Structures are given as C-alpha cells and as structure tokens.
DNA sequence: CTATTTCATTGAACCGATTCAGTTGTTATA
DNA sequence: TATAACAACTGAATCGGTTCAATGAAATAG
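Protein chains in written order, with the working numbering: chain V, 100 to 432; chain R, 100 to 432.
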C-alpha cells in the first residue's frame with residue numbers, strides 16, 4: 100500500500116539512516132549516494148509519514164486556528180493570512196469553527212491536542228480563557244487572535260477596537276454631527292463592548308450624548324428591523340454608526356425603504372470594510388481592519404515562539420483601524 | 100512534558116495493554132479496574148497521542164477539504180457542513196484554500212498525504228484531475244465536491260448547475276420575458292459553463308436568443324462596470340440573469356445608479372442565494388443551492404467509504420437547485 | 001609506514017499507542 | 001475431582017522515521 104522509508108532503503112541498497120539523512124541533512128551525504136536515493140524516492144513515489152516523523156521528534160509542524168465564525172468575511176481574511184504565512188514556513192493549519200460556543204471551543208482544543216499541534220491561534224469566546232493555561236504545560240504555544248491578553252504569558256495580535264469606535268465618532272463630529280445613534284450587538288461580544296467604549300470616549304470628548312440601540316444578532320435582517328426604533332427616537336439622529344458592515348447594510352436598506360435619503364438626511368458608517376461595502380446601494384463609509392495582516396502576524400508570531408523556544412519574548416501586537424470614506428457620509432444639512 | 104499511556108499504566112498499577120483497553124474496549128475491562136484507570140487518566144490529564152495511535156493503526160481519523168475560495172459564502176457553508184458531519188463521526192478536518200490555482204492545489208494534496216489523511220474532499224480547479232488517481236493507490240479516499248465525475252472510481256457530490264441555468268431562464272420566460280441577458284464569468288469555470296449550458300437549453304426550448312456578456316472576474320465591481328455594456332445592447336433586455344449573487348448585486352447597483360427601475364424596467368436574478376440577498380437594495384431573486392447539505396453529504400459519503408472498505412459502492416449524488424423569488428423580478432411592462 | 005583525523009554509512013534503540021498470543025485465576029461442566 | 005471454558009490482565013512486538021554511537025574507508029599528518 101504505502102511506501103516506507105525502509106522500502107526506499109532496500110531498493111537503493113543503503114541503510115534507513117542514510118535515507119533519513121538524504122531527507123533531513125542532504126549535505127552530509129555523498130553526492131553519488133544522494134542522487135541514487137533521491138531517484139529511488141521519486142521512482143517509488145515515497146512521501147514521508149508525518150506521524151512517524153513527529154512521533155519521534157515529539158512535536159509536529161501543525162497549527163490550530165479557532166475562530167468564532169468562518170462565515171464572517173473578517174475571519175476568512177484572517178484565516179487566509181494565517182494559512183499563507185504558515186505554509187510559507189512549512190506548517191499546516193487546522194481551521195476550526197467554534198460558533199461562539201465555549202463548548203465547541205473546548206472540544207476542538209481537545210482534538211488539536213490529540214493531533215499534537217505545535218501551537219493554537221484562538222479568538223476565545225469568553226473574556227477570561229482559563230483553560231488555555233493548561234495548553235502551555237503541554238508545550239503547545241497559544242496566541243490570542245483579535246483579543247488582547249492582560250497576562251504576559253502569551254502573545255496576542257489584535258486591532259484597537261476602542262480606537263476604532265473613537266475614529267468613527269470623531270469623524271462624524273468633525274463633519275458637524277451632534278445627534279448620533281450607535282447601533283450595536285450584545286455587550287458580551289468583546290469587539291462590541293470595546294467599540295462602544297470608544298464611542299463613549301469620543302462622545303465625552305466632544306461633549307455630546309449618543310443614543311445606543313442594541314440588536315440581539317449582528318445580521319442584516321436585524322439591522323433592517325431596527326430602523327423603526329431609530330426613526331422613533333426622541334431626537335432624530337443625523338448620523339448612525341453600526342458595529343459592523345452587515346448590520347449597517349441592513350440599516351441602509353431599512354432607511355432607503357422608508358424614503359430616507361443617505362447621506363443627505365442621515366449619514367451611515369459601518370465597521371470591517373467588507374468586500375461588498377463599496378458596492379452597496381450607497382457605497383458605505385466604514386472602519387477598515389487589516390484582517391489579512393492580522394492573520395500573517397499571528398502565524399509568524401506563534402511559529403517564532405515554537406522555534407525559538409526560551410529565546411522567545413512574548414509580544415502583544417496591536418494594529419490600528421483605519422477610516423475609509425465613501426458616499427454614505429456627509430455634513431448634516 | 101506530555102503524559103503517555105505508560106505513565107498512566109504505572110500510576111494505576113496496570114499494564115499498558117489494559118490502559119489501551121480502557122480507552123478502546125472498555126467492555127472487556129472489569130468495572131473496578133476501569134474506574135481506577137479512568138480516574139488516573141483524569142488526574143494526569145492524559146490525552147492520547149493521535150500520531151502514535153494512527154501510526155500503528157495505519158490510518159487516521161482526519162479528512163482534508165480543498166476548496167477554491169473560502170471567502171466565497173457558498174464554500175464557507177459547505178465547509179461548515181463538512182466540519183459538523185465529520186466531527187459527529189469523530190473526524191478532524193484540514194481546510195485548505197487552493198485559490199483556484201492548480202499549483203497550490205497540488206501542494207496541499209502533498210501536505211495532506213504527509214498528514215496521512217484518510218480521505219480528501221476536493222473541488223478541483225481543472226476539469227480533469229488526473230493527479231487525484233494517485234491518491235487512491237495510497238489508500239486515500241477521494242470525493243469530488245461540487246463537481247461530477249465521469250469516472251466511476253470515486254464518489255461525487257454536486258449540484259445540477261445545468262438545471263439551475265434552465266430554471267432561471269424558464270422562470271423569466273414564464274413571466275413573459277423574451278429579451279434576456281446572461282452575465283457570466285470565464286468559461287473555464289465549470290459552474291459558469293454548466294449554468295451557461297442550462298441557459299442555452301432553456302433558450303432553445305423557448306425559441307428565444309439570449310445575449311451573453313462575460314466579466315473577467317466574478318466580483319461586484321466588475322458587475323457594476325458591465326452595466327454600460329448591457330444598456331448599450333442593440334435590444335435593451337427586460338431581464339438579466341447573473342452567474343452569481345455577488346455579480347448580480349454589482350449589476351443592481353449599476354442599474355440603480357443609471358436610474359433604471361428594478362424590476363419595473365429590468366428584472367434581475369442571481370445565483371447562490373447568499374445570506375445578503377434578501378437585504379439587497381431590492382431583495383434579490385436567486386437560485387439557491389443546498390450548500391450546507393452538500394458538505395454534510397460529502398463528509399458522510401467519504402467517511403462511509405473509509406470505514407466500509409470494499410463493501411462501499413461509489414455514488415454520485417446530485418442535488419437540485421431551487422428558485423427563490425423576491426422583489427427583483429416581475430413581468431415585463 | 002604508522003597514527004590520526006575526516007567523511008560516509010550503518011543499524012539498533014526510540015517515540016507512544018495498539019494488538020494479540022500467552023498467563024493467571026475463577027467458575028461451570030462432566 | 002478433573003477438565004474445560006471463560007474472564008481479566010500482561011507484555012513484547014509492531015507501525016515508520018529519527019537519532020546517534022559505532023564502524024569502516026579514505027585522506028592527511030607525523
């Protein structure tokens with residue numbers, strides 16, 4: 100069935116040790132043997148068994164990536180970054196989807212331990228992930244993704260969500276808006292609460308008060324449904340900031356259906372700058388996050404931790420979000 | 100560092116064989132020993148090393164899934180289906196992104212061989228994937244995903260794209276449209292060419308001719324840009340069928356920007372029924388594919404192939420697409 | 001011409017879980 | 001009482017690469 104290193108050794112008339120050396124330290128093998136063995140490897144179609152290799156080595160060249168929602172374009176971009184960076188360094192990646200459930204998260208962590216992954220990149224569902232500490236005892240590196248650690252025992256790569264919230268509000272204020280609504284999801288989602296803090300900071304700095312409207316789920320249907328509530332606020336807002344683009348697009352549709360003109364009557368700004376934002380009915384102003392780079396940075400960080408060992412210093416990398424201005428925002432009339 | 104089965108055996112004062120039996124055939128172990136060993140396993144935090152287990156067994160409980168584009172909502176849904184079904188049967192899944200490149204595809208196949216996956220689910224980039232045959236010799240099951248096989252040596256799970264094209268055109272014809280434009284991508288993409296065949300079939304059956312407009316990339320920007328070309332066709336179409344929803348949303352934006360009313364002046368229909376379709380500026384009529392079920396079915400199929408061995412009969416499962424009618428289509432005026 | 005170093009190669013031990021022939025102890029059958 | 005049948009458990013062999021002390025051969029030094 101499968102060709103083993105021993106088969107190659109027999110066919111090439113050398114010892115198993117030599118074949119192993121051809122694979123791992125070709126420089127110490129004589130040119131003539133090297134060539135003969137390499138030819139045999141090709142002829143037999145030999146592919147080394149990663150299990151056996153890493154069983155002996157005690158560690159693998161595999162990473163685990165656990166995200167709360169692969170369907171979210173932000174995380175697919177992150178995943179692409181992780182994959183690209185990892186495969187450049189010869190690592191394979193298990194992509195797991197926790198669906199925001201701590202249960203599924205724990206289950207996947209267990210699977211990844213069984214698979215002997217070298218490191219785990221994770222966006223934990225709850226704020227204080229105690230169970231991750233156990234991984235370090237097992238010699239599995241852990242890097243937090245899109246979350247910041249207080250503990251200094253691990254690396255993290257995140258985007259400054261507080262600043263993102265500030266940027267959005269500061270921009271609206273700079274345009275002259277004073278009646279602003281903040282449409283967000285459940286406070287339990289760290290991104291939501293951080294962006295909310297940014298909103299509060301900027302509002303305080305500008306000396307204005309901002310109405311908060313909460314949707315139970317961050318999808319476009321809920322965004323559309325919440326428009327009625329927005330339009331019946333005691334003071335009609337001249338600008339709306341949504342916690343993500345999907346919700347913002349729902350709100351946009353709801354407003355347009357009600358005959359509200361964007362941005363003339365109400366300005367609208369989203370978060371994430373998803374690929375579809377420029378092609379929305381009204382091209383959407385949004386806060387962009389460097390999702391791909393986030394993935395690349397986290398993969399490189401964890402791989403360096405795996406390979407440098409004790410020489411590795413834990414780092415907390417924090418990216419800055421960026422305002423992308425399109426047609427959905429303007430001065431209030 | 101890591102706790103091995105031998106450590107558990109020593110601590111619990113039994114042989115390694117007994118500990119193994121506790122894990123794999125608990126019924127043949129006496130109740131008292133069973134309990135003692137299980138307690139020890141918990142105390143030591145022992146997690147079996149999948150490498151060693153499968154090195155011995157000769158096969159793993161891991162699958163590989165290779166898709167052309169994880170960012171495409173269709174494939175993320177498929178992936179969710181695969182993951183859910185696989186993890187229900189105790190299998191882990193490597194998710195790989197080939198980016199439509201045969202090169203990357205080959206590279207990932209190699210990685211998956213090294214990881215000793217039991218089976219590979221793949222949407223191959225080219226129509227005739229010769230290199231996949233080699234996997235069968237290695238004892239790795241292969242199932243085609245969203246592609247059909249002519250060869251009877253493997254399973255496949257697909258959606259009838261030809262029928263999908265027919266359904267869309269038949270529906271438009273039934274509304275009374277006779278001037279229809281078909282906006283599609285490169286002919287090299289199998290989905291595009293199959294849907295195109297369906298369009299041609301239905302057009303022939305209805306005795307009408309349909310203008311084909313091709314975009315080089317299937318994204319919404321290209322969709323928006325192609326609107327000029329559509330509006331300058333010798334005969335202005337009363338309906339447009341797009342090869343996927345993303346392109347359709349671009350076309351929708353382009354039309355609305357030009358002041359064209361949808362569906363009064365032009366009806367619009369997409370393909371895939373992505374989550375955002377109902378929330379588009381004009382809710383989009385689309386052809387839905389059972390993406391999640393596609394994933395579940397393919398995972399179950401390949402796992403049964405892995406476990407039944409020779410008893411397994413290769414199957415070609417083909418799902419039917421479904422028309423979802425929303426506000427973007429109506430009778431021509 | 002021997003002594004020492006260098007270079008290429010060998011082959012057995014090892015990683016950790018599984019498997020199975022074999023051992024021990026207990027209970028049912030003739 | 002002898003014997004068969006069975007249950008519970010043992011421990012060495014095994015899977016396929018990797019590693020490293022040991023070996024042999026050739027090159028260089030004394």
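C-beta atoms are modelled at their ideal positions from N, C-alpha and C, and glycine is treated no differently.
In this text, all values refer to a predicted model and were calculated from it rather than measured experimentally.
- A check of alpha carbon separations from residue 110 (chain R) across R:225, R:145, R:124, R:158 identifies R:145 as the nearest.
- Nearest CB-CB separation between residue 149 (chain V) and chain R: below the 7 Å threshold.
- Neighbours of residue 362 (chain R) in chain V, taken as residues at a C-beta separation under 8 Å, are lacking, since the least C-beta distance is about 15 Å.
- In this structure, residue 338 (chain V) lies near residue 271 (chain V), with their beta-carbon atoms less than 7 Å apart.
- Cβ-Cβ separation between residue 319 (chain V) and residue 346 (chain V): approximately 7 Å, consistent with a contact (criterion under 8 Å).
- Only buried fits residue 257 (chain R), as 16 or more other CB atoms lie within 10 angstroms of its CB.
- Burial of residue 163 (chain V) is indicated by the presence of at least 16 other C-beta atoms within 10 angstroms of its C-beta.
- By the 16-neighbour rule on beta-carbons within 10 angstroms, residue 333 (chain V) is exposed.
- Using a CB distance cut-off of 7 Å, residue 166 (chain V) does not count as an interface residue toward chain R.
- Using a Cβ distance threshold of 7 Å, residue 274 (chain V) and residue 430 (chain V) count as a contacting pair.
- The region 236 to 308 of chain R contains, as complete alpha helix (DSSP H) runs of 4+ residues, the segments 260 to 274, 289 to 305 (chain order).
- When the Cα atoms are used, residue 365 (chain R) and residue 328 (chain R) turn out to be separated by approximately 15 Å.
- In the structure shown, residue 164 (chain V) adopts extended strand secondary structure according to DSSP, grouped into three states.
- In the three-state DSSP reduction, residue 360 (chain V) falls in the coil class, being neither helix nor strand.
- According to the DSSP assignment, residue 430 (chain V) belongs to no beta strand (DSSP E), since it is labelled neither H nor E.
- Residue 371 (chain R) has R:387 as its beta-bridge partners, per DSSP.
- Annotation for residue 181 (chain R): the continuous alpha helix (DSSP H) segment containing it runs 172 to 187.
- With the rule of 3 Cβ pairs closer than 8 Å, the region 290 to 304 of chain V does not count as touching the region 389 to 407 of chain V.
- Between the region 148 to 165 of chain R and the region 350 to 369 of chain R there are fewer than three C-beta pairs closer than 8 Å, too few to call the two in contact.
- Distances from the CA of residue 358 (chain R) to each of R:330, R:221, R:253 were compared; the closest alpha carbon is that of R:330.
- In this structure residue 139 (chain R) is not in contact with residue 128 (chain R), their Cβ atoms being roughly 13 Å apart against a cut-off of 8 Å.
- Within a 10 Å sphere around the beta-carbon of residue 153 (chain R) sit 16 or more other beta-carbons, which makes this residue buried.
- Put simply, the region 240 to 249 of chain V touches the region 214 to 225 of chain V. At least three CB pairs are less than 8 Å apart.
- For residue 105 (chain V), the three-state secondary structure derived from DSSP is helix.
- Under the 7 Å criterion on CB atoms, residue 215 (chain R) is classed as interfacial with respect to chain V.
- When C-alpha distances from residue 176 (chain R) are compared across R:184, R:391, R:420, R:354, the shortest belongs to R:391.
- Annotation for residue 125 (chain R): 133 place their beta carbon closer than 7 Å to its own, counting only its chain and skipping 5 residues before and after.
- Between residue 300 (chain V) and residue 278 (chain V), the gap from beta carbon to beta carbon reaches 7 Å or more.
- Per DSSP, residue 423 (chain R) is one residue of the beta strand (DSSP E) stretching across 421 to 423.
- Cβ atoms of residue 415 (chain R) and residue 254 (chain R) come within 8 Å of each other, at about 7 Å.
- With fewer than 16 other Cβ atoms from the protein chains shown falling within 10 Å of its own Cβ, residue 409 (chain V) counts as exposed.
- For residue 381 (chain V), the three-state secondary structure derived from DSSP is coil.
- By the CB criterion at 7 Å, residue 363 (chain V) and residue 287 (chain V) fall outside the cutoff.
- Chain R places a beta carbon closer than 7 Å to that of residue 352 (chain V), counting this residue as a contact.
- The beta carbon of residue 398 (chain R) does not come within 7 Å of any beta carbon belonging to chain V, so the residue lies off that interface.
- In the structure shown, residue 150 (chain R) falls within a helical segment according to DSSP collapsed to helix, strand and coil.
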